[in-house]
Amino acid sequence: MLFTPEAHEALADEPWSAEQARAEIVSIVADVEDAFDDGWTIHPLDVEDEPPGVRLRTVYLGGAGVVEALNRLARRSLVELQRDYVPYLERSLGAEPDFPGEDAERSLLLGETGIRLVLQRLSPSRSNLERLAELVAANERDERCELLYGSPGTILAGREFELDVTAGVDWLQARRDEEGLWTQRLSGRSRRYLGAAHGFAGCVLALGDVDDVSGPLRRFAVEEDGLVNWPPVAGMRLDANGDGQIRTQWCHGAPGIVATLADRIDEELAVAGGELTWRAGPLRKGANLCHGTAGNGYAFLALLERTGDERWLTRARTFAMHAVGQVERTRSDYGRGRYTLWTGDLGTALYVADCIDGGGELPLP
C-alpha cells in the first residue's frame, strides 16, 4: 500500500463552478479581514505548543503569510482589500519573535526574512532591502539545507531582488552527496529528507540547474502497480512515522515532489506520483497547502504544465471544489476561519484562484 486510506476521504460530488470558486475566495478574504486585530489569532488546529489567542507574525503560520496571500488575490482583481497592511508588517518587525528558540531572524517561512520579503514587495525601501541582504548572506552556510529554515529558502528570496546568492548556491551544491541528496541537520538529528519542505525537492527548487534529478528519486521511490510514493526520509519505510500513517502531502510524499519537480524529472515518474495523489484522494487533515487537499492539488497543476493533458486540470478543479467544502466545514466546526497561508484558508484561496485561471504554482518563496 502506497498511502493510508484512513488519512484520506472520498471526493465530494461537486461539479466545478468558477462562479462558486470566486464566491468562496471573496468569503474567505472577508472573514480574514474582519478578524484582523493587529494580526490574527492562531487557530486551535495550529496551536500545538502555542497558547490560545497568540498572534504569530511570520509567513508560515503568521500574519506576513496572510498579508502576502491577500495581496496576491487583490492583484488578480479577485477581491478588494479593506485596509493597508504595510503598517502592520512594519510593527511586526519590532515585535517579539514567533519562535525565538528556532530561528527568529534568518528563516524564510518562520523568521524575520519572510516578513521583510513581503514588506519589500508591498513597500520597497533601501533600508529593508539592505537588511534582507544581510539575512540572506547570514544563511549561506546553514546546515539545515532545507526550504523553511535553511539556505534554499533564502536563496529564492534573494534571487527575487537580484541579491548576490552565489556563495549560498556554491555551498549548497557542494553539500550534495554521492547519492545526489542533501543531509538536513534539524532538531539535533541528521537525516536525508526527500520532500519539498525539508529535503531534496526544496534544494533542487532553489538551485534550479541541477544534474540528475530523476536518479535519486527513482532510487528511493516505492513503486506499486504503476504508482509511486516517497517516504519522508531516504531509505525508510513509507509508514515509519510516529503515527504509522503514510505521508501523501506537500511537505512529505509524492504530491509535494511532483508539484515542485514535475518539470525537472522524467515524465513517467512525475505522472506515477500524480496518479498516486489522485487515487489517494483529498486529505482528512483539511484543505490547506502544507498537508492538505489544496497542496496536493498543485501536483495536478504541475502535471498540466508538464504534459498539456487537460485531465490534470479537471482533477485539480475537482480537488478545489472539495477543498472549498473542507474550508466551510472547518469554519462551521470551530466558529471561525483558519488565518494562515500554509495551514489555513488563505492558501486554499490561492489554489482555487489558480484553478480558475487554469494553472499556477505554490506561493514560494
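Taking our numbering, the leading residue of the sequence shown gets 5, the next gets one more, and so forth.
Backbone N, C-alpha and C define an ideal beta-carbon position, used for all residues, glycine too.
Sequence-distant Cβ neighbours of R179 in its own chain, meaning closer than 7 Å and more than five residues away, are C149 and W186. For L231, the uninterrupted beta strand (DSSP E) segment begins and ends at L231 to N233. Counting along the chain, no beta strand (DSSP E) covers Q330; the unbroken alpha helix (DSSP H) around it starts and ends at R315 to Y338.
Ranked by Cα distance from R321, the options E10, E37 and P19 are led by P19. Here the region 5 to 16 makes no contact with the region 65 to 83; the two share fewer than three CB pairs at distances below 8 Å.
Separation of A357 and M325 (C-alpha to C-alpha, rounded to the nearest whole angstrom) is 11 Å. Remark: fewer than three beta-carbon pairs, one from each stretch, lie closer than 8 Å, so the region 184 to 203 and the region 127 to 139 are not flagged as touching.
Assigned with DSSP and collapsed to three states, S127 falls in coil, not helix or strand. Under the three-state reduction of DSSP, S31 is assigned to helix.
Collapsing the DSSP output to three states places E228 in a strand. Secondary structure of V70 (DSSP, three-state): helix. Judged by pairs of C-beta atoms under 8 Å, the region 240 to 253 does not touch the region 213 to 221, as fewer than three such pairs exist.
The DSSP-derived three-state label of S218 is helix. For S155, the uninterrupted alpha helix (DSSP H) segment begins and ends at S155 to E164. In the structure shown, R26 adopts helical secondary structure according to DSSP, grouped into three states.
Ranked by Cα distance from Y302, the first of T347, G312, Q253 and S336 is Q253. Here the region 199 to 208 lies against the region 255 to 266, with 3 or more beta-carbon pairs under 8 Å apart. The Cβ neighbour count for D361, taken over all protein chains shown within 10 Å, is under 16; the residue is labelled exposed. Taking a C-beta distance under 8 Å as the contact criterion, I29 and V83 qualify as a contact pair. As the crow flies, the alpha-carbon of A11 is around 10 Å from that of G290.
DSSP places V237 in the strand class (E or B) of the three-state scheme. The Cβ neighbour count for S96, taken over all protein chains shown within 10 Å, is at least 16; the residue is labelled buried. The shortest C-alpha to C-alpha distance from R163 to any of N143, G118, S129 and A210 is the one to A210. Per the coordinates, the alpha-carbon of R222 lies some 24 Å from the alpha-carbon of P9.
Ranked by Cα distance from A34, the options A108, P369, R342 and C359 are led by R342.
By the criterion of a C-beta distance shorter than 6 Å, H47 is surrounded in its chain by R342, once the five residues flanking it on both sides are discounted. In the DSSP annotation of this structure, the continuous segment of the alpha helix (DSSP H) that includes R283 starts and ends at E271 to A284.
Judged by DSSP secondary structure, Q177 falls within the alpha helix (DSSP H) whose first and last residues are T170 to A178. Under the 10 Å beta carbon count, Y197 is surrounded by 16 or more other beta carbons and is classified as buried.
The distance from the Cβ of A108 to that of G98 is about 12 Å, inconsistent with a contact at the 8 Å cut-off. Judged by their CB atoms, T264 and A205 are nearer to each other than the 8 Å cut-off.
Under DSSP, S194 forms a beta bridge with R189.
Nearest to L176 by C-alpha distance, out of S194, L121, P156 and A266, is P156. In the three-state scheme derived from DSSP, where H, G and I count as helix and E and B as strand, R288 is classed as coil. Residue pairing by DSSP places H12 opposite L287 in a beta bridge. For E147, the closest alpha carbon among the candidates E100, F103 and R195 is that of R195.
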